[in-house]
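Numbering (the UniProt record's numbering), first residue to last: 1 to 202.
Below is the structure:
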C-alpha cells in the first residue's frame, strides 16, 4: 500500500522553471502549497544513477531531508531509438554549455545530426516522479509517451526538446501544442496519474 500524501506544503525538487510550472499545475486541484527547491536555495544534488527513477529519488530525498517537508522530484528525458535510447538520462547534459547554462537548440541539432542517417524516427519522452518524506520513505512512478523526432524543431511552447517531438497519432509537436493538450497526454501527466491514484486518491 502506497503512503498517502496529505495536504500542506510540498517541495518540488527542481530548479527547472518549466518542470516546476507543469508539476504545480498538476497539483493545483489538491490544495498543496507548492515551494520550489530553487526558491529555497537548495543545492542541486549530483545525479549518479543510470535510471530516471534513481535520479528522481536522489533529488526528492535530498529536498525532503533538507526541508523536513515531503518533496516531489521529476527526472525526465528524451530518447531516440536510432541512438540506442540516447540522450536518455543524459538529456540535460547534451544541452550543457562549456561556460554554464544550457542550449536546447544546440542539443536538438546534435540529436538530429546523429540520428538523420537512420530511417527509424521513433522517439519517446520518459518521466519519473518520486515522492519522498523526511523519514526516507519514497514512492516512485514512471510514465512514457511515444512518437517521432522531427527536425527542424517546430513551436515556441513547452521547454527542452519539446519542439522536436510529435506524439503518436498527432501532427503538432509538443512545442506547438496548447499546454492543456500536452498535459493531457504527456509523459509527466502519465506518471502523475499513477502518483495521483496511489498517493492522492487511494
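We put the CB at the ideal spot given by N, CA and C, even for glycine.
In chain order, what residues of the same chain lie with their CB nearer than 8 Å to the CB of residue 155, ignoring the 5 residues before and after it?
Numbered from 1 along the chain shown, position 155 holds the residue referred to as residue 155. If we look at residue 155 and ignore the five residues flanking it on each side, its Cβ neighbours are 162, 163, 172, 173, 174, 175, 176 and 177.
Reduced DSSP category for residue 194 - H, G, I as helix; E, B as strand; rest coil:
Along the chain shown, one-based indexing puts residue 194 at 194. Residue 194 carries a helical assignment under DSSP once its states are collapsed to helix, strand and coil.
Span of the beta strand (DSSP E) holding residue 9?
Taking the first residue of the chain shown as 1, we reach residue 9 at position 9. Element bounds for residue 9: 9-12.
Cut-off 7 Å between Cβ atoms - residues of its own chain near residue 148, not counting five sequence neighbours on either side:
Counting from one through the chain shown, the residue named residue 148 turns up at place 148. Correct list, in chain order: 121, 122, 123 and 166.
Every unbroken alpha helix (DSSP H) within the region 56-95, with a cutoff of 4 residues, ordered by chain
Unbroken alpha helix (DSSP H) stretches of 4 residues or longer found wholly inside the region 56-95: none.
Which of the three DSSP states, helix, strand or coil, is assigned to residue 52?
The residue labelled residue 52 in the question sits at position 52 within the chain shown. In the structure shown, residue 52 sits in a helix (DSSP, three-state: H, G or I).
By DSSP, does residue 139 sit in helix, in strand, or in coil?
Start at 1 with the first residue of the chain shown, and residue 139 comes out as number 139. Three-state DSSP puts residue 139 in a strand.
For residue 75, count neighbouring C-beta atoms within 10 Å of its own C-beta (all shown protein chains included) and say buried if the count is 16 or more, exposed if not.
If you number the chain shown from 1, residue 75 lands on position 75. Looking at its Cβ environment, which holds 16 or more other Cβ atoms inside 10 Å, residue 75 is buried.
Three-state secondary structure (DSSP) at residue 167?
Walking along the chain shown from the start, residue 167 turns up at place 167. Reduced to three states, the DSSP call for residue 167 is strand.
Should residue 88 go down as buried or exposed, given a rule of 16 or more other Cβ atoms within 10 Å for buried?
As a working mapping, residue 88 is identified with position 88 in the chain shown. So residue 88 counts as buried.
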